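Participant:
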Amino acid sequence: MAEAKYCQEFGDLFRRLRQEAGLTLREFCHRNGFDPANLSKIERGRAKPPTGEALDKYAKALGLEPETDRWYDLHDRASACAGEIPARLMADEEVVKKLPVVFQTLGGKRPSRQALRSLIDLIREA
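Numbering-wise (the numbering used here), the sequence shown opens with residue -7 and increments by one.
1. Look at L54 and R105 and say whether their C-beta atoms are less than 8 Å apart.
2. Would you list, in sequence order, the uninterrupted alpha helix (DSSP H) runs of no fewer than 4 residues that lie entirely inside the segment 48 to 104?
3. Excluding the five sequence neighbours on either side, which residues of its own chain have a C-beta within less than 7 Å of the C-beta of L56, listed in chain order?
4. Please report how far the alpha carbon of A79 lies from the alpha carbon of L17, in whole angstroms.
5. Would you mind reading off the limits of the alpha helix (DSSP H) that contains L5?
6. Helix, strand or coil for D42, going by three-state DSSP, please let me know.
7. Let me confirm a value: S71 is counted as buried when at least 16 other C-beta atoms fall within 10 Å, else exposed. Which label applies?
8. If you draw a straight line from the alpha carbon of E12 to that of V94, how long is it in whole angstroms?
9. If you follow the alpha helix (DSSP H) that L31 is in, where does it begin and where does it stop?
10. Can you look up L15 in the DSSP assignment and give me helix, strand or coil?
11. Mind reading off the beta-carbon distance from E76 to T43? Whole number of angstroms is fine, and I expect it under 8 Å.
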């Protein structure tokens, strides 16, 4: 039976951050009490990325300071790959009001990385 396939972007980012910390998957898991089989699946895009408190634990183990660009990048990619809108965006009424326009604009067509970054910058300025 084939494994489910999730978004690979989160797994690639997580692997890169772990490797930047100089740790193998097993070392990282052993030091932090994580399951290496599960983390391997996450890094390969074969398991849904963690969210919420579980993701916070992973971010802390990676040495990411809360609410920094790298911390937000990890959390935003996890949310996107899990098919969720980040909680901090849903907490902002003005952003929520603009989401339908964003969804309609995207219309199921995946924007280029540059177009997506431009959209993010536009939203941040609003």
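Note that beta-carbon positions come from the ideal geometry of N, C-alpha and C, so glycine has one too. Given the structure is predicted, the values throughout are model-derived calculations rather than measurements.
Facilitator: According to the structure shown:
1. No, they are not a contact pair.
2. 61 to 73, 79 to 82 and 85 to 98
3. R62, W63 and L66
4. 28 Å
5. Unbroken alpha helix (DSSP H) run through L5: Q0 to E12.
6. Here residue 42 is Pro; the residue named in the question, Asp, does not match the sequence. Of the three classes helix, strand and coil, the one that applies to P42 here is coil, per DSSP.
7. Under the 10 Å beta carbon count, S71 is surrounded by 16 or more other beta carbons and is classified as buried.
8. Straight-line spacing of the CA atoms in E12 and V94 works out to 34 Å.
9. P28 to E35
10. coil
11. 7 Å
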